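K.L.:
Each residue of the sequence shown is one higher than the one before, counting from 120 in the numbering used here.
By construction, the Cβ of each residue, glycine as well, lies at the ideal position given by its N, Cα and C atoms.
The structure presented is a predicted model; accordingly, all values stated were derived computationally and were not measured.
What follows is a structure written as structure tokens; I'll ask about it next.
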Amino acid sequence: MRLEGVSPNKMSQFAVVLEVFEVAPSLFMVDVRKAAGETLQYHRFYKNLCSKLEHIIWKPADGADKSGILKTDVASIREEV
120 MRLEGVSPNK
130 MSQFAVVLEV
140 FEVAPSLFMV
150 DVRKAAGETL
160 QYHRFYKNLC
170 SKLEHIIWKP
180 ADGADKSGIL
190 KTDVASIREE
200 V
């Protein structure tokens, strides 16, 4: 899915690409990538998105995120039952 819009300063376009992968019947992984626009605006969008989905985002236990396997722009989201 591609989301597009005008940046808050209305000087440039902003776009992100979201890909949703079903890892298991109740576990989904969402890959969020910047397609166009400023990197700072993308980081603001990403932080805002994560804060809105805080109640359904799975986060690894302490120490697991230091393995280097996880990317910072990938959020694992579990389906609410």
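Let me see if you follow: with CB-CB separation under 7 Å, is H174 close to chain B or not?
P.N.:
Although the question refers to chain B, the structure presented lacks it and comprises just one protein chain.
K.L.:
Between V135 and K153, how many whole angstroms is the CB-CB distance? I'm expecting something under 8 Å.
P.N.:
Rounded, the Cβ-Cβ distance is 6 Å, consistent with contact.
K.L.:
Assuming V142 and L168 make a contact with CB atoms under 8 Å, what is their CB distance in whole Å?
P.N.:
With a Cβ gap of about 19 Å, V142 and L168 do not count as contacting.
K.L.:
Quick test of your reading: L159 and V149, contact by CB under 8 Å. State the CB separation rounded to the nearest angstrom.
P.N.:
No, L159 and V149 are not in contact; Cβ-Cβ is about 21 Å, not under 8 Å.
K.L.:
Would I175 be called buried (16 or more neighbouring beta carbons within 10 Å of its own) or exposed?
P.N.:
By the 10 Å Cβ count, I175 comes out exposed.
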